[in-house]
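Note that the sequence shown covers residues 1 to 343 in the UniProt record's numbering.
Even glycine gets a Cβ: it sits at the ideal position worked out from N, Cα and C.
Below you'll find the structure, written out as structure tokens, and then a few comments.
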Amino acid sequence: MNENPPSLHRGRRSNASRAPRAEGRQDLGFLVVNADRQYQVLRGLASPVRLRILRLLNRQGPKNINQIAEALGLPQSTIATNVQVLEEAELISTSLGKAAKGQQKICAARYSEIVVNLDPDDPSRDHNIVEVEMPLGLYTSSNVSAPCGFCSTDRILGVLDVPELFLDPRRVQAALIWFGRGYVEYKFPNNAKVLNRAIAALEFEMEMSSEVPGTNADWPSDISLWINERKIGTWTCPGDYGDRRGTYTPPWWKLEGSQYGILTTWRITAEGTFLGERKLSDIATTDLDLDRHHSIRLRIGIDDKEGRPGGVNIFGRGFGNHNQDIKMRLYLHGTNALPHIAT
Numbered sequence: 001m002n003e004n005p006p007s008l009h010r011g012r013r014s015n016a017s018r019a020p021r022a023e024g025r026q027d028l029g030f031l032v033v034n035a036d037r038q039y040q041v042l043r044g045l046a047s048p049v050r051l052r053i054l055r056l057l058n059r060q061g062p063k064n065i066n067q068i069a070e071a072l073g074l075p076q077s078t079i080a081t082n083v084q085v086l087e088e089a090e091l092i093s094t095s096l097g098k099a100a101k102g103q104q105k106i107c108a109a110r111y112s113e114i115v116v117n118l119d120p121d122d123p124s125r126d127h128n129i130v131e132v133e134m135p136l137g138l139y140t141s142s143n144v145s146a147p148c149g150f151c152s153t154d155r156i157l158g159v160l161d162v163p164e165l166f167l168d169p170r171r172v173q174a175a176l177i178w179f180g181r182g183y184v185e186y187k188f189p190n191n192a193k194v195l196n197r198a199i200a201a202l203e204f205e206m207e208m209s210s211e212v213p214g215t216n217a218d219w220p221s222d223i224s225l226w227i228n229e230r231k232i233g234t235w236t237c238p239g240d241y242g243d244r245r246g247t248y249t250p251p252w253w254k255l256e257g258s259q260y261g262i263l264t265t266w267r268i269t270a271e272g273t274f275l276g277e278r279k280l281s282d283i284a285t286t287d288l289d290l291d292r293h294h295s296i297r298l299r300i301g302i303d304d305k306e307g308r309p310g311g312v313n314i315f316g317r318g319f320g321n322h323n324q325d326i327k328m329r330l331y332l333h334g335t336n337a338l339p340h341i342a343t
């Protein structure tokens, strides 16, 4: 990348700037809420008291009614009423435990992050297909080496070639990410778990290219993907493209920098992992423990064991030839619209 960073500005807070995890706090899952259909969930969130209960359980772990009331300084009757609403919304789970006299209700949070979908006519969702588009900068962990950096649609964010800045909260604005070695990892919500449905196939779609200072169309790079820490396959990208401006690449980004990539679709089915129509590996959906976790972890990176570690550019909304971030599609059992694989 041959860009001079413009002036810096303060960004929004992200996961990287949160306080350390409290003792007893669990690594909970995501929930994506359809605003048109999941009224109970919205009702559960529509109360300051209930939000305080959720926050307490998320930070400190399971508690009974008395403990919640004491921690929040509220009457037990108020807590009991609001806990019932949270139960009905399936925002908390409850169980019975022994008490000094009889039994007591133990409450636990189910989710650490909840996203409300305000687009009820989204054609990418139906009863058997769930699509989630993850903003490029919302990776949950990273370990990269120079050359590296990220930028928004307006400017470079931070300083180039400083791997430590990949934890900068401004990364949430990223529309282009690049690095020479290492990885970025995302946590997608496993809504199949929420719906109590089995996953028949899993698909990830993203625009990528190799990474070299400047650009070079003949710069092969072996780019790998991991799901739930399991490597599913490697794709050799032919080069880093700068022969013309990307369709959505902003005008301030000089032509000496990477302009666009190749839109790749990675599919994991019961028969193995495919890139487009080509089989990459025998890793199948049954190898990924998808039914055990509330999140699906996607890692994009460079495996040093591969022969051509030529870095990676990942293009998001506002950059490249495809105006999208990283898409995940879950094909649930019972669908008639499984991704086509040539045989």
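On the CB-based measure, 16 or more other CB atoms within 10 Å of its CB, does residue 203 come out buried or exposed? Its Cβ being crowded by 16 or more others within 10 Å, residue 203 is buried.
Please check the pair residue 49 and residue 41, which I expect to be a contact at CB under 8 Å, by giving their CB distance rounded to whole angstroms. Between residue 49 and residue 41 a beta carbon distance of about 16 Å is seen, past the 8 Å cut, so the two are scored as non-contacting.
Three-way DSSP call (helix, strand, coil) for residue 186 in this model: Assigned with DSSP and collapsed to three states, residue 186 falls in strand.
With distances taken Cα to Cα, identify the nearest neighbour of residue 38 among 60, 118, 93 and 278. Residue 118 is the option with its Cα nearest to residue 38.
Which residue wins for smallest C-alpha separation from residue 213, given the options 195, 179, 112 and 91? Minimum Cα distance to residue 213 is reached at 179.
Closest by C-alpha distance to residue 148, when choosing among 294, 106, 177 and 186: Closest by C-alpha distance to residue 148, out of 294, 106, 177 and 186, is 177.
CA-CA distance, residue 134 and residue 317? When rounded, the distance between both Cα atoms is 10 Å.
In terms of residues, what are the limits of the alpha helix (DSSP H) holding residue 44? Run containing residue 44: 39-45, per the alpha helix (DSSP H) assignment.
Nearest-angstrom Cα distance between residue 123 and residue 288? For residue 123, the predicted model reports a pLDDT of 44, less than 50, meaning its position is unreliable; a value from the coordinates is still stated below. Going by the C-alpha atoms only, they are around 27 Å apart.
Based on DSSP bridge pairs, tell me the residues matched to residue 133. DSSP output for residue 133 lists 327 as bridge partner(s).
Rounded to whole angstroms, what's the CA-CA distance from residue 226 to residue 266? Just pull it up for me. Spanning the two alpha carbons is a distance of roughly 11 Å.
So if DSSP puts residue 298 in a beta bridge, which residue, or which two residues, is it bridged to? 186 and 227.
Please report the distance separating the alpha-carbon of residue 218 from that of residue 264. In a straight line, the C-alpha of residue 218 is about 18 Å away from that of residue 264.
Does the separation of the CB atoms of residue 344 and residue 64 fall below 9 Å? Residue 344 lies beyond the range of the chain shown here (1 to 343); nothing can be said about it.
Please confirm whether residue 311 and residue 224 have their CB atoms less than 9 Å apart. No.
Please list the terminal residues of the continuous beta strand (DSSP E) segment that includes residue 313. First-last of the beta strand (DSSP E) with residue 313: 312-315.
What does the Cβ neighbour count give for residue 154, buried or exposed, with the cut at 16 atoms within 10 Å? Exposed is the call here.
By how many angstroms is the C-alpha of residue 102 removed from the C-alpha of residue 129? Between residue 129 and residue 102, the C-alpha separation is close to 45 Å.
Got a sec? Which residues, its chain only, sit under 7 Å from residue 325 by beta carbon, not counting five neighbours each side? Excluding positions up to five away in sequence, the list reads 133, 134, 135, 136, 316 and 317.
If I measure Cβ to Cβ from residue 2 and keep anything under 8 Å in the same chain, skipping five residues before and after, which residues do I get? With a pLDDT of 40 at residue 2, under the threshold of 50, the predicted position of this residue should be treated as unreliable, though the coordinate-derived value follows. Non-local beta-carbon contacts of residue 2 in its own chain, meaning distances under 8 Å to residues more than five positions away in sequence, involve 213, 214, 254, 256 and 257 in chain order.
Please confirm whether residue 205 and residue 299 have their CB atoms less than 9 Å apart. Not closer than 9 Å, so no.
Take residue 211 as the anchor and find which of 188, 237, 228 and 233 has the nearest alpha-carbon. Per the Cα distances, 237.
Can you give me the C-alpha to C-alpha distance between residue 91 and residue 110, rounded to a whole angstrom? When rounded, the separation of the alpha-carbon atoms in residue 91 and residue 110 is 6 Å.
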